[in-house]
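So the sequence shown is numbered by this note's numbering: it starts at 11 and just counts up by one. We put the beta carbon where it would ideally sit given N, CA and C, even for glycine. Predicted model only: the values in this text are computed from it and were never measured. One structure is given here, and the rest of the page talks about it.
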Amino acid sequence: MFRASLSSCIRTLVKTHPWLVPWLVGGTLAASALACAAQAQPQPLPPAGPLAATRPSFAQAIAAAWQRSIEATQSQGQQRQAQADQAVAGSWLAASPALQASQRQGRGSAAAGQRETELGVALPMWHIGARAAAGQAAQAELEWAQAAESAARLRIAAQVRETLGQLTGLESEHRLAVLQSQLLKRLAEDVDRRVRAGDLAPADAMATRAEWLASQAQEAEVQQRMRGQQAQWQLLTGMAISAEPEQPQTASRVDLDENHPELQLAARAVERAQRKLSLAQAQRGDNPELGLHLRQERSGQGMPTQSSVGVSLRLPFGTDTHAQPRIAAARTEVDLALTQQQRIRDRLAAELELARAQLHAAETQAQLETQRATLLRERAGHIDKAFKAGESPLPELLRALAAAAQAEASSERQQAHLRLAQARLQQAQGLLP
């Protein structure tokens, strides 16, 4: 019953004041924005046209941007390299084996018929504990590569969040500009009819049409900026249309979460550096070699051939001095990784605190701008009634409409800033869809 009465009232207003249709739409949008601002979880304006059903999700946009990024190719290469290191560490040989072959033959009458042939293979062996250290280092390298992929995905998500936030804000601003242009067009047509009827002066029609032309120019400017942002979006994601806005999430912890991708990457970097140091300490010099030899010799012409099998072991010694530079470099890498881990933790904590402060400020500003837009819209409605009754001049109505339109645009921009502030907070928390 209430809905039927409300629908009847709206139809009556549309028939008697057709130029108020855009303002009714704007009022509905602003009321929705005010309710969202009060809950500190504003939702974006619904997309115009049939695109609402075909827009990709925010997660799909991040996946598309990741597939197009250089970081994805780099991450795949790093993981393949780590897997290759694991295969090397799983081998029983420290390096590739080598084949050895030699032959000696006597010269002169005294050595006539003497010949010696030897075939052998050299097998590089691991130092004691080096194979286990190499396996641990390869595993740490693989875990670091996986953490680097997660951190790179988070950086790509930051680009998607920033680009999408600016694009959705411009789309909303463009819709408001279109509504304002339609409003002034209908007002200009109404003033033209009243001029022809002799109720208003021709100068009023000129002023109204000038305001309409100005609104068209404003609409074209916003559309140009929106198309530029759409080009950046398509370059980033490969998608022709923008994605659905990201839904606000609430982190389970107030402080910085240890599962933050960048913190995980820093921890894996420390682990990798420590494993490299352990490997350098375990493998101080050249690898020992185990040799297997097969020798065949003949002492002279007509003498029988003798065969023998030999085993040799090559043990390098005195290599600690030569290994010190490599060990010192590994220690330096550990110290740098620890220092960088602390710096990253401090930076992320500061970014999280800043994002919270910016979100609080954006919520306050969005609520104030919405209230201001509501007041100026109601004021424009009262002045319009006075203008219809002949109690208010046209210039005052035009000024009221312009002020209301500017307030609506400012409110919508602030709503876009609020959504972007929420996205930045989720970025600072390390959240991914």
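Distances from the CA of I80 to each of A279, R65 and I166 were compared; the closest alpha carbon is that of I166. Under the 8 Å Cβ criterion, the stretch 279 to 286 does not count as touching the stretch 123 to 142, having fewer than three qualifying pairs. Here H137 carries a coil assignment [DSSP, helix/strand/coil]. Going by beta carbons, S322 and H303 fall inside the 8 Å limit. By the Cβ criterion, the stretch 84 to 93 is in contact with the stretch 133 to 152, since at least three pairs of Cβ atoms, one from each stretch, lie closer than 8 Å.
Our two residues, V170 and A75, have alpha carbons roughly 8 Å apart in a direct line. Spanning the alpha carbons of A413 and L386 requires a straight line of approximately 7 Å. Of the residues E418, T374, A360 and L369, the one whose Cα lies closest to the Cα of E388 is E418. Under the three-state reduction of DSSP, G100 is assigned to coil, being neither helix nor strand. In the DSSP annotation of this structure, the continuous segment of the beta strand (DSSP E) that includes E307 starts and ends at E299 to R308. When the five nearest sequence neighbours on each side are left out, the beta carbons in the same chain lying within less than 8 Å of the beta carbon of M249 are those of P66, A71, A74 and W243, in order along the chain. Per DSSP, reduced to three states, the secondary structure at L325 is coil, with no helix or strand assignment. Taking 8 Å as the upper bound for CB-CB distance, G440 and D267 are in contact here, some 6 Å apart.
Taking 8 Å as the cut-off, the Cβ atoms of A438 and E373 do not count as close. In summary, R141 is buried, with 16 or more beta-carbon neighbours lying within 10 Å of its beta-carbon over all protein chains present.
Pairing A333 with L133, the inter-Cα distance amounts to about 22 Å. Collapsing the DSSP output to three states places A105 in coil.
Comparing alpha-carbon positions, the option among F397, P212, P258 and A162 lying closest to L275 turns out to be A162.
Taking C-beta separations shorter than 6 Å and ignoring five residues to either side along the sequence, the partners of R114 in its chain run E126, following chain order. Here L129 is bridged, per DSSP, to A111 and L304. Out of Q77, A155 and G139, the CA that lies nearest to the CA of G87 is found in A155. Between H270 and L358 the beta-carbon gap is near 6 Å, inside 8 Å, which marks them as a contact.
Taking a cut-off of 8 Å on C-beta distances, the stretch 186 to 204 does not touch the stretch 428 to 436, as fewer than three cross pairs fall below it. Secondary structure note for H270: it is in no alpha helix (DSSP H), with a DSSP letter that is neither H nor E.
Close CB contacts of R235 within its chain, under the 7 Å cut and outside five residues either way in sequence, are with L180 (chain order). Counting only runs of at least 3 residues, the stretch 342 to 416 fully encloses no beta strand (DSSP E) element at all. For E221, the enclosing alpha helix (DSSP H) has its first and last residue at P212 to T247.
By DSSP's assignment, T315 forms a beta bridge with R308. With fewer than 16 other beta carbons inside 10 angstroms of its own, V319 counts as exposed. Nearest Cα to R355 within the set Q176, D265 and A371: D265.
G295 sits in coil when the DSSP states are folded into three classes, being neither helix nor strand. When rounded, the separation of the alpha-carbon atoms in Q293 and T247 is 47 Å.
Judged by their CB atoms, I337 and A290 are nearer to each other than the 8 Å cut-off. A distance below 6 Å between beta-carbons, with the five flanking residues on each side excluded, links S420 to the following residues of its chain, in chain order: E379. Using a Cβ distance threshold of 8 Å, L210 and R219 do not count as a contacting pair.
Under DSSP, G179 shares a beta bridge with no residue.
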